[in-house]
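To start, the structure under review is shown below, and the notes come after it.
There are 2 protein chains.
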Amino acid sequence: MDERERSRNNGVSGGGANGGLVYPVMTEEQIQILRHQIVAYTIISEQLVQMYKSFIAQQDFIGMELGNPSCDPLMALGARKISSRRHRWAPTPVQLQILENLFIQGSGTTRTKEKIKEITNELAQHGPVTESNVYNWFQNRRAKSKKRSAQFQSKTESI
Amino acid sequence: MDERERSRNNGVSGGGANGGLVYPVMTEEQIQILRHQIVAYTIISEQLVQMYKSFIAQQDFIGMELGNPSCDPLMALGARKISSRRHRWAPTPVQLQILENLFIQGSGTTRTKEKIKEITNELAQHGPVTESNVYNWFQNRRAKSKKRSAQFQSKTESI
DNA sequence: TCGATATGAATGAATG
DNA sequence: CATTCATTCATATCGA
Chain W
1 MDERERSRNN
11 GVSGGGANGG
21 LVYPVMTEEQ
31 IQILRHQIVA
41 YTIISEQLVQ
51 MYKSFIAQQD
61 FIGMELGNPS
71 CDPLMALGAR
81 KISSRRHRWA
91 PTPVQLQILE
101 NLFIQGSGTT
111 RTKEKIKEIT
121 NELAQHGPVT
131 ESNVYNWFQN
141 RRAKSKKRSA
151 QFQSKTESI
Chain V
1 MDERERSRNN
11 GVSGGGANGG
21 LVYPVMTEEQ
31 IQILRHQIVA
41 YTIISEQLVQ
51 MYKSFIAQQD
61 FIGMELGNPS
71 CDPLMALGAR
81 KISSRRHRWA
91 PTPVQLQILE
101 NLFIQGSGTT
111 RTKEKIKEIT
121 NELAQHGPVT
131 ESNVYNWFQN
141 RRAKSKKRSA
151 QFQSKTESI
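Protein sequence lines, in the order shown, are assigned to chains W and V. Residue numbering for the first sequence follows the UniProt record's numbering, starting at 1 and increasing by one per position. Residue numbering for the second sequence follows the UniProt record's numbering, starting at 1 and increasing by one per position.
Right, here's the structure in full:
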């Protein structure tokens, strides 16, 4: 999606302050593409939300083994064992939830070092973590998002 | 969202046929809103699909009378089969032979995404397969090869 | 049913 | 950021 977003902006002027004047920034065809994308995601989300509801209706207990009631079941998917010694860092469920939320809020944008430091401090309250861990996580998360978006594209382009 | 879409269209002209001329149809601010919406839906969909997958994985034992046609779009998004057992991809004997041959032949050449795509298309003639499957296979095959040579090393060291 | 092994897949970390 | 590696998890298969 990033790629097409970029190409979409090619025709956009530098965004000068407009005094009530509207500049030509998108063709109608481009708008149609955008609307189709939004509609597609709307439908997909609605269907998945329905699934989710029936899911939690039947399986309230799943994902709660670690006893963190504040954790949305939707977010409690990457839970890992804490017991065994591990050589590489793995986010705790709480940390994962925080990270995922931040990722959504930031819309996948790159973080500055200051932001990384803040996030690291916040996460540190829920388990050991370094700034490198956070940095790597966001980097890998973006890659994951991108890869999955590509898969979406190839499978939903019929919509 | 419907509401905001409508309000967004208020400033759009009636969509007269344009002879190569671009009409002012959206401001940059509006585009930004749209982009954020799309990104948000992308990420939400990803998370919901993940939830859905884990749901299916744990639901293995329950009769899935929910397997109605309306779920088909979900399956198209990468989720596995609903009614039958969960399955992970496994190469057919023919596919495996092709992959092994390619692995021996191409020992050293870097496999670009183009190569992966070609190989996927070839394998697809002998059974369902995705590019990710092929990519993972080569990755795991390399690891396997490396581990074996390491074992060989340790055995010859004692001589 | 219970390990034991093989292997597809996910992901933290490293490299270019 | 794109690729790749190293490690780990999950599942399929098999034999006792």
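Quick reminder that beta carbons are idealized off the backbone N, C-alpha and C, glycines included. Predicted model only: the values in this text are computed from it and were never measured.
Rounded to the nearest angstrom, how far is the Cβ of GLN37 (chain V) from that of ILE38 (chain W), given a contact under 8 Å? Position 37 of the second sequence, counted from the first residue, corresponds to residue 37 (chain V). Position 38 of the first sequence, counted from the first residue, corresponds to residue 38 (chain W). So it is a contact: roughly 6 Å between Cβ atoms.
From this set, W:LYS144, W:LYS147, W:ARG111 and W:HIS87, which residue's C-alpha is nearest VAL134 (chain W)'s C-alpha? The residue given as residue 134 (chain W) occupies position 134 in the first sequence. For VAL134 (chain W), the nearest C-alpha among the options comes from W:ARG111.
Relative to the ligand PLP, is the shortest distance from any of its heavy atoms to the C-beta of THR42 (chain V) smaller than 7 Å? This structure simply doesn't include the ligand PLP, nor any ligand for that matter.
Cβ-Cβ distance between LEU34 (chain W) and LEU34 (chain V) below 8 Å: Translated into the one-based positions of the first sequence, residue 34 (chain W) becomes position 34. Translated into the one-based positions of the second sequence, residue 34 (chain V) becomes position 34. In terms of Cβ geometry, LEU34 (chain W) and LEU34 (chain V) form a close pair [threshold 8 Å].
Taking 7 Å as the limit between beta carbons, can you name the residues of its chain near LYS113 (chain W), skipping five residues before and five after? Stepping through the first sequence from its first residue, residue 113 (chain W) is reached at position 113. Around LYS113 (chain W): no qualifying Cβ.
Consult DSSP for HIS126 (chain V) and reduce its assignment to one of helix, strand or coil. Along the second sequence, one-based indexing puts residue 126 (chain V) at 126. Reduced to three states, the DSSP call for HIS126 (chain V) is coil.
Sequence-distant residues of its chain with Cβ nearer than 6 Å to TRP89 (chain V) (five each side left out): What you label residue 89 (chain V) is simply residue 89 of the second sequence in a count that begins at 1. If you ignore the 5 residues before and after TRP89 (chain V), its C-beta comes within less than 6 Å of the C-beta of ASN133, all in its own chain and listed in chain order.
Any chain V beta carbon closer than 8 Å to TYR41 (chain W): What you label residue 41 (chain W) is simply residue 41 of the first sequence in a count that begins at 1. Chain V contact via Cβ: present.
According to DSSP, is TRP137 (chain V) helix, strand or coil? For this step, residue 137 (chain V) is matched to residue 137 along the second sequence. Three-state result, TRP137 (chain V): helix.
Quick check: the Cα distance between THR92 (chain V) and THR120 (chain V), rounded to an integer number of angstroms? Counting from one through the second sequence, the residue named residue 92 (chain V) turns up at place 92. Counting from one through the second sequence, the residue named residue 120 (chain V) turns up at place 120. Straight across, the Cα-Cα distance linking THR92 (chain V) with THR120 (chain V) is about 13 Å.
Beta carbon of PHE103 (chain W) nearer than 8 Å to that of ARG148 (chain W): For the purposes of this step, residue 103 (chain W) is identified with residue 103 of the first sequence, where counting begins at 1. For the purposes of this step, residue 148 (chain W) is identified with residue 148 of the first sequence, where counting begins at 1. In this structure, ARG148 (chain W) does not lie closer than 8 Å to PHE103 (chain W) by Cβ.
Inter-residue Cα distance where the pair is THR27 (chain W) and GLU28 (chain V): To locate residue 27 (chain W), count along the first sequence from 1; it is residue 27. To locate residue 28 (chain V), count along the second sequence from 1; it is residue 28. Going by C-alpha positions, THR27 (chain W) is about 13 Å away from GLU28 (chain V).
Once DSSP output is grouped into helix, strand and coil, what is the label at ARG88 (chain W)? Along the first sequence, one-based indexing puts residue 88 (chain W) at 88. Three-state DSSP puts ARG88 (chain W) in coil, outside helix and strand.
On the premise that ILE116 (chain V) lies in contact with GLU100 (chain V), defined as a C-beta separation below 8 Å, what is that separation, rounded to the nearest angstrom? Taking the first residue of the second sequence as 1, we reach residue 100 (chain V) at position 100. Taking the first residue of the second sequence as 1, we reach residue 116 (chain V) at position 116. Going by Cβ atoms, the distance from GLU100 (chain V) to ILE116 (chain V) rounds to 16 Å, so no, they are not a contact pair.
Cβ neighbour criterion (16 or more within 10 Å) applied to SER45 (chain V): For this step, residue 45 (chain V) is matched to residue 45 along the second sequence. With 16 or more Cβ atoms within 10 Å of its Cβ, SER45 (chain V) is classed as buried.
Checking contacts by CB at 8 Å: is GLN97 (chain W) closer than that to chain V? For the purposes of this step, residue 97 (chain W) is taken as the residue at position 97 of the first sequence. The Cβ of GLN97 (chain W) sits no closer than 8 Å to any Cβ of chain V.
Report yes or no: is there a C-beta of chain V within less than 8 Å of the C-beta of LEU123 (chain W)? Here residue 123 (chain W) is taken as the residue at index 123 of the first sequence, counted from 1. No - not a single Cβ of chain V is within 8 Å of the one on LEU123 (chain W).
Where GLN37 (chain W) meets chain V, residues with beta-carbon distance less than 7 Å: In the first sequence, residue 37 (chain W) corresponds to position 37, counting from 1. Residues of chain V passing the Cβ test: ILE38.
Between GLN32 (chain W) and ILE31 (chain V), what straight-line distance do the alpha-carbon atoms span, to the nearest angstrom? For the purposes of this step, residue 32 (chain W) is taken as the residue at position 32 of the first sequence. For the purposes of this step, residue 31 (chain V) is taken as the residue at position 31 of the second sequence. One C-alpha to the other measures close to 13 Å.
Quick one: is SER132 (chain W) near chain V, going by C-beta distance under 8 Å? By one-based count along the first sequence, residue 132 (chain W) stands at place 132. Not an interface residue.
Whole angstroms are fine: how far does the CA of GLN125 (chain V) sit from the CA of LYS146 (chain W)? Taking the first sequence and counting its residues from 1, one reaches residue 146 (chain W) at position 146. Taking the second sequence and counting its residues from 1, one reaches residue 125 (chain V) at position 125. A direct Cα-Cα distance of roughly 28 Å separates LYS146 (chain W) from GLN125 (chain V).
How many Å lie between ASN136 (chain V) and ALA143 (chain V) at the Cα? Position 136 of the second sequence, counted from the start, is the residue given in the question as residue 136 (chain V). Position 143 of the second sequence, counted from the start, is the residue given in the question as residue 143 (chain V). Spanning the two alpha carbons is a distance of roughly 11 Å.
Alpha carbon to alpha carbon, how far is residue 209 (chain V) from THR42 (chain V)? Since the displayed chain V opens at 1 and closes at 159, residue 209 (chain V) lies outside it and no answer follows.
With a threshold of 8 Å between beta-carbons, can LEU102 (chain V) be considered close to chain W, or not? Taking the second sequence and counting its residues from 1, one reaches residue 102 (chain V) at position 102. By this cut-off, LEU102 (chain V) is not an interface position.
Using beta carbons (cut-off 8 Å, strictly below), is ARG148 (chain W) in contact with chain V? As a first step, residue 148 (chain W) must be located in the first sequence, where it is residue number 148. Judged by the 8 Å Cβ criterion, ARG148 (chain W) is in contact with chain V.
Applying the criterion that 16 or more other CB atoms from any shown protein chain within 10 Å of the CB defines a buried residue, is ALA150 (chain W) buried or exposed? On the first sequence, position 150 is the one that residue 150 (chain W) refers to. Under this definition ALA150 (chain W) is an exposed residue.
What is the DSSP secondary structure of THR42 (chain W), counted as helix, strand or coil? By 1-based counting over the first sequence, the position of residue 42 (chain W) is 42. The three-state secondary structure of THR42 (chain W), taken from DSSP, is helix.
With DSSP as the reference, label THR120 (chain W) as helix, strand or coil. Locating residue 120 (chain W) in the first sequence gives position 120, counting from the first residue. In the structure shown, THR120 (chain W) sits in a helix (DSSP, three-state: H, G or I).
ARG111 (chain W) - DSSP class collapsed to helix/strand/coil: Position 111 of the first sequence, counting from 1, holds the residue named residue 111 (chain W). Three-state result, ARG111 (chain W): coil.
Which residues in chain V have a C-beta closer than 8 Å to the C-beta of ILE33 (chain W)? List them in chain order. Along the first sequence, read from residue 1 onward, the residue named residue 33 (chain W) stands at position 33. Taking the beta carbon of ILE33 (chain W) as reference, no residue of chain V falls within 8 Å; the closest one sits roughly 11 Å away.
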